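Presented below is the structure to which this report refers.
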Amino acid sequence: MAVPQDLFYAKTHEWVDLNDGIATVGITDFAQNQLSDLTFAELPEVGTEFKAGEEAAVVESVKAAADIYAPVAGEVIEINERLEDNPELVNKDPFGEGWLFKLKMVDESDVDDMMDADSYEELCPND
Amino acid sequence: MNAWSVHFKNPVPYQQGLEIQRRLLKARQENEIPDTVLILQHNPVVTLGNRGRANYLLKTEEEYRELGIELFHAERGGDVTFHGPGQWVLYPILYLGGNEADSHGYLSNLEEVAIQTLADYGVKGFRREGKSGAWTDAGKIAAIGFRLKKWVSFHGMSFNVSNNLMGFNTIVPCGLVGEPVASLKTILGEDCPEMPAVCDSLLNHFSTVCNRKLERFDADGELPPALAKLVRDD
């Protein structure tokens with residue numbers, strides 16, 4: 001299972017790529033694999049403000065719906081509009097083209113509460 | 001891994017079942033209880049999943065009311081389905097976000113539970129590509145739809161034993177046009193097992209397939225205090 005080294009991870013299987021105070025958020029390879037083929041992604045509206053740990057999105061596969069949480073506090077400044085027609089991008093490229101939304105962070109030190117790749121990998125099943 | 005199961009002898013109204021699930025979900029998220037499986041029957045009810053489309057409902061709200069069928073929008077995945085007495089509904093409240101997650105995936109495990117249960121009664125069950133649930137030559141017998149919050153599951157699977165399938169005629173089950181619905185009763189007739197026997201089969205196979213040792217309880221029997229306050233309305 002892929003776990004890129006340079007990202008921050010949440011226990012609820014989101015990842016954050018921090019760049020200049022902007023957090024790009026997506027779900028991990030583990031998460032997309034457990035949900036199987038996604039058919040729908042309900043993303044937040046641009047301008048919405050989230051606290052860390054708040055419900056921010058819902059992704060659905062044929063028979064499952066899963067809540068996605070804002071791993072850090074911030075305001076939504078962009079969503080991945082391609083997912084509207086191509087939710088399967090989350091399955092194909094969870095750490096790249098399948099990103100979900102971008103948050104303008106309130107406090108960059110929020111990522112200190114997240115896990116690094118090694119700690120995150122320990123949380124996932126070994127197979 | 002140890003887990004609990006709670007069996008309800010009498011049919012549970014859908015709303016009450018939902019409230020029990022929500023309380024268990026929260027308790028499981030906060031690690032106050034182990035993984036817990038509810039097994040129950042509902043009073044007649046048609047439920048729509050998150051993306052469930054109302055055009056799969058073949059009756060008006062008033063007609064459903066006249067038929068004694070409740071109507072609910074559920075927050076689960078999956079499309080429209082029908083529940084009623086004579087059908088077992090399995091609501092596993094499981095943490096699926098850690099080491100214990102099965103790489104086969106939860107959906108596939110639930111299907112396997114249904115298929116192995118069918119085998120106990122000599123019925124061949126199978127999966128169909130692109131169509132979830134468990135199928136028999138006579139039609140679909142088990143339907144699946146669930147939701148994860150903080151990677152704890154709720155909602156789950158229904159399995160038709162001896163329920164009146166008329167309720168399914170009021171909907172397009174799972175949005176699949178022209179696909180028949182079956183029950184153990186329609187397949188086995190007089191040889192259809194009793195509800196308690198099928199409950200045992202479902203829980204036994206759940207235990208093996210999902211790798212959880214079940215400590216079994218009856219909702220109206222003695223329960224661990226942590227569970228009693230979640231399962232009973234006071």
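Chain order of the listed sequences is C and P.
The numbering of the first sequence is full-length UniProt numbering, which starts it at 1 and goes up by one.
The numbering of the second sequence is full-length UniProt numbering, which starts it at 1 and goes up by one.
The beta carbon of each residue, even a glycine, is placed where N, CA and C say it ideally should be.
Computed from a predicted structure; not experimentally measured.
Beta carbon proximity, P:LEU184 to chain C, threshold 7 Å: Here residue 184 of chain P corresponds to residue number 184 of the second sequence, with the count starting at 1. Interface with chain C (7 Å Cβ-Cβ cutoff): P:LEU184 is excluded.
Local conformation of C:SER36 per DSSP, three classes: As a working mapping, residue 36 of chain C is identified with position 36 in the first sequence. Looking at C:SER36 - three-state DSSP - the assignment turns out to be coil, as it is neither helix nor strand.
Spatial distance of P:ASP218 from P:GLU75 (CA atoms): Position 218 of the second sequence, counted from the first residue, corresponds to residue 218 of chain P. Position 75 of the second sequence, counted from the first residue, corresponds to residue 75 of chain P. Rounded to whole angstroms, P:ASP218 to P:GLU75 spans 27 Å at the Cα level.
7 Å Cβ cut-off: residues of chain C touching P:ASN50: Translated into positions along the second sequence, residue 50 of chain P becomes position 50. Think of a sphere of 7 Å around the beta carbon of P:ASN50: the chain C residues whose beta carbon falls inside it are GLU60, ALA65, in chain order.
Interfacial residues, the region 9-28 of chain C to chain P, with Cβ spacing under 9 Å: For the region 9-28 of chain C, the set of positions with a beta-carbon nearer than 9 Å to some beta-carbon of chain P reads LYS11, THR12, HIS13 in chain order.
Beta-carbon proximity list for C:LEU18, same chain, < 6 Å, skipping 5 on both sides: Here residue 18 of chain C corresponds to residue number 18 of the first sequence, with the count starting at 1. Sequence-distant Cβ neighbours of C:LEU18 in its own chain, meaning closer than 6 Å and more than five residues away, are VAL111.
Spatial neighbours of P:ARG98 in its chain, beta-carbon cut-off 7 Å, leaving aside the 5 residues before and after: Here the question's residue 98 of chain P lines up with position 98 in the second sequence. It should be pointed out that residue 98 of chain P corresponds to Gly in this sequence rather than to Arg. No residues qualify anywhere along the chain.
Contact with chain P by C:LEU7, beta-carbon distance below 7 Å: Within the first sequence, numbered from 1, the residue matching residue 7 of chain C stands at position 7. Output row for C:LEU7: interface = no.
Distance, P:HIS7 Cα to P:GLY145 Cα: As a position in the second sequence, residue 145 of chain P is number 145, starting the count at 1. As a position in the second sequence, residue 7 of chain P is number 7, starting the count at 1. The alpha-carbon atoms of P:GLY145 and P:HIS7 are separated by roughly 20 Å.
Any C-beta of chain C under 7 Å from that of P:ARG147: For the purposes of this step, residue 147 of chain P is taken as the residue at position 147 of the second sequence. So, interface residue.
Residue from C:THR24, C:MET1, C:TYR9, C:PRO4 with nearest C-alpha to C:ILE79: For the purposes of this step, residue 79 of chain C is taken as the residue at position 79 of the first sequence. Nearest of C:THR24, C:MET1, C:TYR9, C:PRO4 to C:ILE79, Cα basis: C:THR24.
Cβ-heavy atom distance, P:LEU118 to the ligand FMN, below 6 Å: By its list of ligands, the structure shown contains no ligand whatsoever, and the ligand FMN lies outside what it can speak to.
Sequence-distant residues of its chain with Cβ nearer than 8 Å to C:ASP113 (five each side left out): One-based indexing of the first sequence puts residue 113 of chain C at position 113. Cβ within range, chain order: ALA52.
As assigned by DSSP and simplified to three states, the class of P:ASP120: The sequence position of residue 120 of chain P within the second sequence is 120, counting from 1. Correct three-state label for P:ASP120: helix.
Straight-line Cα distance separating P:ILE69 from C:GLY47: Reading the first sequence from its first residue, position 47 is the one you call residue 47 of chain C. Reading the second sequence from its first residue, position 69 is the one you call residue 69 of chain P. Near 42 Å, if we compare the C-alpha coordinates of P:ILE69 and C:GLY47.
Selected residue, minimal CA-CA separation from P:THR136, among P:LEU118, P:GLU129, P:LEU148: Along the second sequence, one-based indexing puts residue 136 of chain P at 136. For P:THR136, the closest alpha carbon among the candidates P:LEU118, P:GLU129, P:LEU148 is that of P:LEU118.
Closer than 7 Å to chain P by CB, C:LEU38: Numbered from 1 along the first sequence, position 38 holds the residue referred to as residue 38 of chain C. No, no contact with chain P.
Reference C:TYR120, options C:ILE27, C:VAL59, C:GLY21, C:ALA57, closest by Cα: As a position in the first sequence, residue 120 of chain C is number 120, starting the count at 1. Across the set C:ILE27, C:VAL59, C:GLY21, C:ALA57, the C-alpha of C:ILE27 shows the shortest separation from the C-alpha of C:TYR120.
Limits of the unbroken beta strand (DSSP E) element including P:PHE154: Here residue 154 of chain P is taken as the residue at index 154 of the second sequence, counted from 1. Per DSSP, P:PHE154 belongs to the beta strand (DSSP E) from 152-160.
Check whether P:LEU214 and P:LEU24 have beta carbons under 7 Å apart: For the purposes of this step, residue 214 of chain P is taken as the residue at position 214 of the second sequence. For the purposes of this step, residue 24 of chain P is taken as the residue at position 24 of the second sequence. Cβ distance not < 7 Å, so P:LEU214 and P:LEU24 don't count as in contact.
Cβ of P:LEU107 within 7 Å of any chain C Cβ: Residue numbering aside, residue 107 of chain P sits at position 107 when the second sequence is read from its first letter. Yes - at least one Cβ of chain C is within 7 Å of the one on P:LEU107.
Presumed contact (8 Å Cβ cut-off) between P:VAL209 and P:LYS185, rounded CB distance: Here the question's residue 209 of chain P lines up with position 209 in the second sequence. Here the question's residue 185 of chain P lines up with position 185 in the second sequence. Not really, about 24 Å apart at Cβ, beyond 8 Å.
Straight-line Cα distance separating P:SER201 from P:GLY221: Translated into positions along the second sequence, residue 221 of chain P becomes position 221. Translated into positions along the second sequence, residue 201 of chain P becomes position 201. Roughly 21 Å between the two C-alpha positions.
Three-state class that DSSP yields for P:PRO92 in the structure shown: Along the second sequence, read from residue 1 onward, the residue named residue 92 of chain P stands at position 92. Strand, per DSSP.
Reduced DSSP secondary structure (H/G/I, E/B, other) of C:GLU108: Translated into the one-based positions of the first sequence, residue 108 of chain C becomes position 108. Looking at C:GLU108 - three-state DSSP - the assignment turns out to be helix.
Where the beta strand (DSSP E) containing C:ALA65 begins and where it ends: Here residue 65 of chain C corresponds to residue number 65 of the first sequence, with the count starting at 1. Where C:ALA65 is concerned, the enclosing beta strand (DSSP E) stretches over 64-69.
Beta-bridge partners of C:MET115, as assigned by DSSP: Translated into positions along the first sequence, residue 115 of chain C becomes position 115. Beta-bridge analysis with DSSP links C:MET115 to C:TYR9.
Bridge partner(s) assigned by DSSP for C:TRP15: Working through the first sequence from its first residue, we reach residue 15 of chain C at position 15. Note: C:TRP15 sits in a beta bridge opposite C:TYR9, C:GLY26.
For P:ASN10, the three-state DSSP class (helix, strand or coil): Taking the second sequence and counting its residues from 1, one reaches residue 10 of chain P at position 10. Three-state DSSP puts P:ASN10 in coil, outside helix and strand.
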